[in-house]
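Encoded as structure tokens, the structure appears first; notes follow it.
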Amino acid sequence: MYVIGERINGMFKDVRKAIQECNTEIVQNLAKAQLEAGANALDVNVGPAAADATEAMVWLVQTIRQVTQAPLAIDTTKPEVMEAGLAEAGAGSIINSTTGQEEKLTVFMPMAQKHKAAIIALTIDEKGIPRDAAGRTEIALRIVASAFENGIEDMQRLFIDPVILPVNVAQTVPQQVMDALREVRLLSDPPPKTVLGLSNVSQGTALRSLINRTYLVMAIAAGLDGAILDPMDEELMNAGITAELLLDKQVYCDDYLKAYLSSVKSG
Amino acid sequence: MVFEVPVEKWASAVNTVTLGATAAEGGTRASTVTVGGSTTLPFLHFEGEIPNRPVIAMEVLDMEPQSWPETLSAPFDGVLNDPAAWAKKCVEEYGAEMICLRLLSAHPDSLNTGPEEAAAAVKKVLGAVGVPLIIWGCGQADKDNEIMPRASEAAAGENCLLGSAEQDNYKTITAACLADGHKLITAAPIDINIQKQVNILVTEMGLDAGRIVMFQATGGLGYGMEYAYSIMERTRLAALGGDKMLSMPLLAVVGPEAWKAKEAKTLEADAPQWGAEKERGVLWEAMTATCFLHGGTDILVMWHPKAVEMVRTTIDGLMKK
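Keeping their order, the protein sequence lines are chains L and S. Our numbering puts the first sequence at residues 1 to 267. Our numbering puts the second sequence at residues 1001 to 1321.
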């Protein structure tokens, strides 16, 4: 399970405050705590409140880089903010994200290639979010083709995100996304990786953590490779690690949870 | 049509472990041995790096072996009651890269010797040879907890490989290993799950995962060899897949297992259809060792010098790119 820690995001009050006050400690503690909890990479999003998004992104990346060299997922829709974040974060970063829209692909795919970055691509096109799995898979195919055209042939660098929506507004989507996860695996050999912005599934619900971890397990069973989630939700992490154990992706031992974390931290 | 060899891309590598310490490193060894580091399955040079060749440690007992067949004892004529002379012969005449000293005399069913004798044996062998040492207890847990701390202390700073830590008995030997600067063998008989658990237990005591070599029991050819082989293979696949608690190099104890087989030691007079026992026993050990090389073994513990020679030639061939 490739875990991208979601907590460094200006949508959260503590991070918004940290950005406004240039408080490095809050950001650095969040970076360290997420990695300690088993994150492979850290998402970095300045949120809607930053006065100058580029400046805020550069500050966030520099602040994180003082405590870790872990891969960073630069999370923005704005190309100039993305470019600045990638330049600061260095090789091995992740673009979060492009969509399947032509105008986005032509900007972000070459940018991924230029910075030797991985890229997350949402299955959204000019018509919006498809209503079913087939629509998602169709856009994913266009994304894979675009990656190849731009020289990204290593499918380890391409993450397809089939876009999960809140269960309280779109209750059939979780199943459609699982179908899409299965279909995306058939698009190329080796297939692109898959990822979800997991917390979206529970947006606005009362039992967020329970919904998140239940769906994480279901999505992993459908082939999900990674997720943007809160790694400090211990039960969520444990559920994901256990799902992979039950799928024979890790060798069992009594302390398999510890073994997983130790592999992530030393690897 | 051009055939393209399928090449697997692995995420990780086997740990690299160096054994033995020279004067510059605080020990007295004339040579050191480095194993592990592979980024692919055994000998697939086209797929990844295999920076270090498998090594052969010859085993020396701290007491005269009982009931060894003539074929096996003949090459060690006159030294089998003296571990230092035995070790020296292994290194100087038979080219052993390491010596595995087995403190068998401490076993309560054997001579029941104590920690002083164990420490003395270690010192004598260290003085007689310049290669790195594996120091292995008698296999009886309580007794090993008594003798191994002293044996370890007698070799402090020599960066030896101590055996062995097991799920139900790992604390004493791990502590000795930490105190005296050695490396550790973690053992779990034919059980990959317990092997992983033992590795977690000893690392939680503060022993770095890079100081561990794994021993998953060895079956002789015809006597369960394939069980050990498949466990090793699965372990290696887990290591290459990034499981840091299964990424340690592997050790196989071939000599004792191969020579347990009746096929290795039955005399020709008793089984004329099997041919001369002189060649048969050696081949049994060499074949067992060769199989384990393909399973991913990094350190082979062997007995007969002729088998050692054959396997060394095999390794030479397998390491050619």
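From the three backbone atoms N, C-alpha and C, an ideal C-beta is built for every residue, glycine too.
Proximal residues to residue i (C-beta, below 7 Å), its chain only, five neighbours per side dropped
i         : result
L/Thr54   : Glu80, Val81, Ala84
S/Thr1056 : What sits at residue 1056 of chain S in the sequence shown is Ile, not Thr. Hits under 7 Å: Ala1096, Glu1097, Leu1300, Met1302, Val1308, Val1311, Arg1312.
S/Pro1305 : Pro1075, Tyr1094
L/Ala70   : Leu35, Ala41, Leu42
S/Glu1064 : Leu1080, Asn1081
S/Thr1288 : Gly1220, Leu1221, Met1225, Val1254, Glu1257, Ala1258
L/Ser146  : Leu105, Met109
S/Ala1286 : Ala1307, Met1310, Val1311
Alpha-carbon to alpha-carbon, residue j and residue i
i         : j         : result
S/Pro1006 : S/Ala1030 : 42 Å
S/Val1035 : S/Arg1053 : 7 Å
S/Val1253 : S/Thr1314 : 18 Å
L/Ile64   : S/Ser1230 : 44 Å
S/Lys1088 : S/Ala1023 : 20 Å
L/Asp161  : S/Gly1037 : 35 Å
L/Ala259  : S/Asp1082 : 44 Å
L/Glu126  : S/Lys1009 : 36 Å
S/Gly1275 : S/Ser1152 : 44 Å
S/Leu1061 : S/Thr1016 : 28 Å
L/Leu236  : L/Val195  : 16 Å
S/Gln1195 : S/Arg1102 : 22 Å
S/Ala1179 : S/Thr1203 : 14 Å
S/Leu1041 : L/Thr106  : 40 Å
L/Ile119  : L/Ala227  : 13 Å
L/Ala50   : L/Gly10   : 8 Å
L/Val27   : L/Arg131  : 37 Å
S/Met1214 : S/Ala1165 : 10 Å
L/Glu153  : L/Val67   : 32 Å
L/Ser188  : L/Leu261  : 31 Å
L/Tyr252  : S/Ala1187 : 16 Å
S/Cys1177 : S/Ala1261 : 34 Å
S/Lys1265 : S/Gly1026 : 43 Å
L/Ala112  : S/Pro1149 : 56 Å
L/Arg213  : L/Glu149  : 36 Å
S/Asp1208 : L/Glu183  : 42 Å
L/Asp255  : S/Asn1193 : 10 Å
L/Arg7    : S/Thr1018 : 41 Å
Residue interval of the alpha helix (DSSP H) (run including residue i)
i         : result
L/Asn238  : 234 to 246
L/Glu24   : Note that residue 24 of chain L corresponds to Thr in the displayed sequence, not to Glu. Note, L/Thr24: alpha helix (DSSP H), 24 to 36.
L/Asp14   : 13 to 21
S/Glu1263 : 1262 to 1265
S/Glu1059 : Segment 1055 to 1061 is the beta strand (DSSP E) holding S/Glu1059; no alpha helix (DSSP H) there.
S/Tyr1229 : 1225 to 1240
S/Ala1086 : Correcting the residue identity first, residue 1086 of chain S is Trp in this sequence and not Ala. S/Trp1086 -> alpha helix (DSSP H) spans 1083 to 1092.
L/Tyr315  : Because chain L spans 1 through 267 in this model, residue 315 of chain L falls outside it and cannot be assessed.
S/His1294 : 1277 to 1295
L/Gln175  : 173 to 184
S/Asp1142 : 1141 to 1154
L/Arg142  : 133 to 149
L/Asp68   : It is worth fixing the name first, because residue 68 of chain L is Thr in this sequence and not Asp. From DSSP, L/Thr68 is part of no alpha helix (DSSP H); its letter is neither H nor E.
According to DSSP, residues forming a beta bridge with residue i
i         : result
S/Val1213 : S/Ile1185
L/Val3    : L/Ala227
S/Trp1136 : S/Arg1102, S/Gly1163
S/Thr1018 : S/Thr1034
L/Val195  : L/Gly226
L/Asp161  : L/Leu122
L/Gly128  : L/Asp125
L/Asn9    : L/Asn45
L/Asn200  : Partner(s): none; L/Asn200 has no beta bridge.
S/Asn1169 : S/Glu1166
Where the beta strand (DSSP E) through residue i begins and ends
i         : result
L/Asn96   : 94 to 99
L/Leu72   : 72 to 75
L/Gly41   : Note that residue 41 of chain L corresponds to Ala in the displayed sequence, not to Gly. Counting along the chain, the beta strand (DSSP E) containing L/Ala41 begins and ends at 41 to 44.
S/Val1301 : 1299 to 1302
S/Val1253 : 1250 to 1253
Other residues of its chain near residue i: CB distance less than 6 Å, five sequence neighbours each side excluded
i         : result
L/Thr99   : Leu122, Ile124
L/Leu165  : Val173
S/Ala1085 : Val1079
Cβ shell of residue i (< 8 Å), same chain only, five flanking positions each side left out
i         : result
S/His1107 : Cys1138, Gly1139, Gln1140, Lys1143
S/Ala1228 : Ile1190, Gln1216, Ala1217, Thr1218, Gly1219, Ala1252, Phe1292, Gly1295
S/Phe1046 : Val1005, Val1007
S/Val1198 : Ala1165, Glu1166, Gln1167, Tyr1170, Thr1186, Ala1187, Ala1188
*For the 8 Å Cβ check, are there 3 or more pairs between the segment 1248 to 1257 of chain S and the segment 1212 to 1223 of chain S?*
Contact between the segment 1248 to 1257 of chain S and the segment 1212 to 1223 of chain S is present, because at least three Cβ pairs lie under 8 Å.
*asked:* Whether or not the segment 1071 to 1081 of chain S and the segment 1107 to 1115 of chain S are in contact is what I'm after, with contact meaning three or more pairs of Cβ atoms, one per stretch, closer than 8 Å; do they touch?
replied: The segment 1107 to 1115 of chain S makes no contact with the segment 1071 to 1081 of chain S; the number of CB pairs closer than 8 Å stays below 3.
_Would you call the segment 153 to 160 of chain L in contact with the segment 204 to 224 of chain L, where contact means no fewer than 3 C-beta pairs closer than 8 Å?_
No, the segment 153 to 160 of chain L is not in contact with the segment 204 to 224 of chain L.
*asked:* Under 8 Å, with one C-beta from each stretch per pair, do the segment 1161 to 1175 of chain S and the segment 1135 to 1145 of chain S reach the 3-pair mark?
replied: At 8 Å Cβ cutoff, the stretches touch.
*Touch check for the segment 56 to 75 of chain L and the segment 16 to 25 of chain L: three-plus C-beta pairs under 8 Å?*
The segment 56 to 75 of chain L makes contact with the segment 16 to 25 of chain L; the number of CB pairs closer than 8 Å reaches 3 or more.
*Pair every Cβ in the segment 128 to 140 of chain L with every Cβ in the segment 174 to 182 of chain L, then say whether three or more of these pairs are closer than 8 Å.*
Touching, yes, given that three or more Cβ pairs across the two stretches are closer than 8 Å.
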